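Numbering (the working numbering), first residue to last: 3 to 731.
Encoded structure:
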């Protein structure tokens, strides 16, 4: 994957340029033409070795206190040591292998040594000269980062009723550079348990996942703010505050921000949201994050930079980051000023790329061999172009994969102490995470994304239709999530029980809605309840949320049901014939399976007649099981019968594993986005690696009584979780 470069303006007015191992096919020649001891004339030649450009921007950092006084053949901006030069109106186009030139004069302190910049970034991507592949083995581009925080100096911190505001008093930090690197303690080599002979695996050889920089999804951001700061964005802040966040991309049904970046427009909303979060946290004296009561500014700064930043950044802050954030407290003397400084520091951190992006980039194998101890090598042979996640990156991957939130203290301690290296150590943490309430909430959302029940549910329909209202809508969604968690986490039951059972997890609202008679529960709490024969059977495939989400105003829509069965249950990535003959769907082998649900109304209650009192016909033949065109068939009489016949199929179980892999790694095993064929292609090597990991997950399930929990547990110790490569996304 080609990693991203983004520029962010933080809540404190700090410009952050964030780049990690993004590689531009360009070359820069930086020439000192004349030097008179306190000034110099220089020229820069940019050779474009990649695709043609229509505009360009070159960025670098000076080494000393150089100051540009004049520049020709371009326009420029300079803040501290950071320089950005853009094309003039007439020289923006650079064809492949073409070179353009600009020059400038500088002044610098007399007696200083004029040093050429080490790195240049063209349009946000590091120039690495001619490269033979998408992988760079240079230490500077793989183990180090070049995120910088560059700020203009302004007035000292002053307290105000609003901790973070748009006033100039917030922009209080000196120019400096903050690197974005993964600082961690070394750990022992990780080990892998013996792997069974699997069809798509080459013994116990390592497989590799994609290197990723993921913008936090809305769920991940909201959960992280709650767990870090104690502010619930959905209940503690003004209505619709969550809409200030970047809207999640949806790839094959799942929230997926692996291809997203935070631009200045998105950052505007994030800054406003950070302001509101900080102001709310200030009403409780930031007590969830840290306690600076009675502390001097320096002591509060130390506590914030050594403890709070570790939690916010999901790794220890670097020395440069610590220095930068401590400067925010430098002019604070009174308790009010310390509180204001803390608010500025927190607001800055919450709008930093270190917080907004999940980093799964790792340390280059060659760098580890050269002595970089931020990560350790496995006992197996590892490819030279691979990267190893640091313990902190792995802790972050585990936390977001299982809980949808930032790592807790125990995970961060494990990363710090080197006890997140072996399979056994990882599985111990995963077992703990699987028992957390946050995991239940996160997996419940996974279930909804898997089955496509987040939209088009009963809440969109008029109250008069089948008694649908917001209470029923909410209860149906909670029923689906609760049932998923009960089977997977509480019972560790077989996968087939997810789809078919004789009971549900319902509350009083649904007992009345489904017509369960004399069944009672306590204070409308959800409880395991047996479904009598006159009611439809339990299981996700006949749940109220699933059926309602596939329904028209009055009944399940055959086309919606057919697509859900084929794509969410069987991963066929099929969208049906180009023309949809609404009058003759039943006669089409692709759509006929959708009629199985005609024995249920839009609220998943049994019926024998439609809304016009016509007898219903829910029998048919499902053609094309492992693929649309394989010719295999299943006969069915109704929705319950179809669910019972689908539940034990290997193809259905294997598709469930595929969805779990996609949710964890941000890509499918064969395609990134099946709805956009060719937009992002997976190489043969990627497909082979991912197919092996999918086999390993399926083996974890089949060798443990078809337990979905066992499969989920295995994700954390997969080779692809710890070892990564630049992929094609």
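All C-beta atoms in this analysis are idealised placements derived from N, C-alpha and C, irrespective of residue type, glycine included. Source: prediction; values computed, not measured.
- Listed in chain order, the non-local C-beta contacts of residue 39 below 7 Å within the same chain comprise 112, local neighbours out to five positions each way being set aside.
- In the structure shown, residue 96 falls within a strand segment according to DSSP collapsed to helix, strand and coil.
- The beta carbon of residue 226 sits closer than 6 Å to those of 407 and 408, all from its chain and outside the five residues before and after it, given in chain order.
- In this structure, residue 393 keeps its C-beta atom at 8 Å or more from the C-beta atom of residue 435.
- In chain order, 282 place their CB closer than 7 Å to the CB of residue 238, counting only its own chain and leaving out the 5 sequence neighbours on each side.
- Straight across, the Cα-Cα distance linking residue 304 with residue 526 is about 48 Å.
- Residue 127 has 124 as its beta-bridge partners, per DSSP.
- In this structure, residue 349 lies near residue 280, with their beta-carbon atoms less than 8 Å apart.
- By the criterion of a C-beta distance shorter than 8 Å, residue 722 is surrounded in its chain by 209, 210, 211, 667, 691, 692 and 695, once the five residues flanking it on both sides are discounted.
- Assignment of beta-bridge partners to residue 727 by DSSP yields 212.
- By the CB criterion at 8 Å, residue 306 and residue 247 fall outside the cutoff.
- Taking one beta carbon from each stretch, the stretch 414-431 and the stretch 626-646 have fewer than 3 pairs nearer than 8 Å; the two do not touch.
- A direct Cα-to-Cα measurement between residue 76 and residue 358 gives close to 33 Å.
- Residue 425 has its alpha-carbon roughly 14 Å from the corresponding atom of residue 712.
- Here the C-alpha atom of residue 453 lies approximately 13 Å from the C-alpha atom of residue 665.
- Three or more Cβ pairs drawn from the stretch 595-605 and the stretch 614-625 lie within less than 8 Å of each other, which places the two stretches in contact.
- Pairing residue 677 with residue 300, the inter-Cα distance amounts to about 54 Å.
- When C-alpha distances from residue 340 are compared across 68, 352 and 287, the shortest belongs to 287.
- Residue environment analysis places residue 577 among the exposed positions, since fewer than 16 neighbouring C-beta atoms fall within 10 angstroms of its C-beta.
- Between the alpha carbons of residue 54 and residue 97 lies a distance of about 4 Å.
- For residue 447, the enclosing alpha helix (DSSP H) has its first and last residue at 439-453.
- The DSSP assignment places 337-352 as complete runs of the alpha helix (DSSP H) inside the stretch 331-355, in order along the chain (cut-off: 4 residues).
- The C-alpha of residue 71 lies about 17 Å from the C-alpha of residue 61.
- Taking residue 64 as the centre and dropping the five residues before and after it, the same chain places the C-beta of 83 closer than 6 Å to its C-beta, in chain order.
- Proximity of the stretch 533-548 to the stretch 490-502 meets the contact definition, three or more beta-carbon pairs being nearer than 8 Å.
- The C-beta distance from residue 588 to residue 362 rounds to 47 Å, too long to meet the 8 Å contact threshold.
- Secondary structure note for residue 311: its alpha helix (DSSP H) is the uninterrupted segment 311-315.
- Relative to residue 548, the option among 480, 217 and 29 whose CA is nearest is 480.
- Relative to the Cα of residue 517, the nearest Cα in the group 607, 488, 342 and 448 belongs to 607.
- Boundaries of the alpha helix (DSSP H) around residue 327: 321-329.
- Here residue 558 is bridged, per DSSP, to 553.
- Setting aside the 5 residues that flank it on each side, residue 613 is surrounded in the same chain by 556, each with a C-beta closer than 6 Å to its C-beta; the list follows chain order.
- When the five nearest sequence neighbours on each side are left out, the beta carbons in the same chain lying within less than 7 Å of the beta carbon of residue 647 are those of 636 and 638, in order along the chain.
- By the C-beta density criterion, residue 242 is exposed, having fewer than 16 other C-beta atoms within 10 angstroms.
- For residue 657, the enclosing alpha helix (DSSP H) covers residues 652-667.
- Taking 8 Å as the cut-off, the beta carbon of residue 401 is found no closer than this to the beta carbon of residue 415.
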